[in-house]
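Let me begin by presenting the structure, written as structure tokens, before commenting on it.
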Amino acid sequence: MHSAGRVVIRASGVHRAFGGVSVLRGVSFSVSAGELVTLSGPSGSGKTALLSLLCGFDFPDAGTVLPGSASWSACAVLPQSLGLASELTLEENVALPLRLAGRPVAGVAELLAELGIAGLGARYPGQVSFGQQQRAALARAVVARPAALLADEPTAHLDAASAVAAVSVLRRVADDGAAVLIATHHEAVHEVADRVLVLADGRID
Ligand SMILES: Nc1ncnc2c1ncn2[C@@H]1O[C@H](COP(=O)(O)OP(=O)(O)OP(=O)(O)O)[C@@H](O)[C@H]1O
Ligand SMILES: [Mg+2]
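Going by my numbering, the first residue of the sequence shown is number 76, and it counts up by one from there.
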């Protein structure tokens, strides 16, 4: 369906243990530009741990990852914990990646509207629901058109209609040329994926 682009996200033989418990035991896979790949696996299987390694929040005990430090600036993260800045409005949160990059602030209102939170841009995260925060965090992750997007359970707090809007934004980001990796338990997200990876017993087979 999509032409194979260059590899943007990759894990090669990645191992990671916490407190002597081995969570990732030789994980290898790649995601190319233009691809949307989902990562499934039971709660506690290591999906978040793997995303943390890929975006440089954590480091593997063995093995290598891309993006890697040279291209982290082109990598956007939508963490499971969302991580919106509580002292900024939703609009300001979404604009932040553009401001930090010294780029013109554009496309913020359109994204908020597409995700059904157009009227909430002037509110602070503490003044909106968790699902509304999640949609703002998605907007923030995609607004600067990253080359790589790592999204952890991006529809976890959304109703069906909001999830459809979120999935359509994620699919478009990949169609526009980004490599997109999404950890999710939701079938609606797997359905738009080019490939589904299953993390089980610390490996992706
Ligand atoms: N920093 C850490 N210190 C200690 N243990 C950790 C750490 N990070 C993850 N773990 C452990 O590693 C395992 C995998 O956790 P992880 O958060 O990656 O699971 P997950 O697949 O994302 O689950 P969920 O679907 O619930 O989000 C768990 O047993 C967790 O307790
Ligand atoms: Mg997780």
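Built from N, CA and C at the ideal position, the CB exists for glycine as well.
The residue among 107, 86 and 221 with its C-alpha nearest the C-alpha of residue 137 is 86.
Taking 7 Å as the cut-off, one finds no heavy atom of ligand 1 near enough to the beta carbon of residue 180. At a Cβ-Cβ threshold of 8 Å, residue 279 and residue 134 do not count as neighbours. The way I'd put it, the region 253-267 doesn't touch the region 179-189; fewer than three beta-carbon pairs between them come closer than 8 Å. If you ignore the 5 residues before and after residue 98, its C-beta comes within less than 7 Å of the C-beta of 91, 92, 121, 124 and 277, all in its own chain and listed in chain order. With 5 Å as the limit, the residues whose C-beta approaches a heavy atom of ligand 1 more closely than that are 93, 98, 118, 119, 120, 121, 122, 123 and 124, in chain order. For residue 140, the closest C-alpha among the options 251, 206, 84 and 245 is that of 84. DSSP lists 106 as the beta-bridge partner residues of residue 84. Around the beta carbon of residue 175, fewer than 16 other beta carbons sit within 10 angstroms, so the residue counts as exposed. Under the three-state reduction of DSSP output, residue 267 falls in the coil class, being neither helix nor strand. Contact between the region 239-253 and the region 157-174 is absent, with fewer than three C-beta pairs closer than 8 Å.
Distance from the Cα of residue 146 is smallest, within the candidate group 158, 159 and 129, for 129.
Placement of the Cβ of residue 185 at a distance of 7 Å or more from every heavy atom of ligand 2 is found. Around the beta carbon of residue 214, a 10 Å sphere encloses 16 or more other beta carbons of the protein chains shown; the residue is thus reported as buried.
The three-state secondary structure of residue 190, taken from DSSP, is coil.
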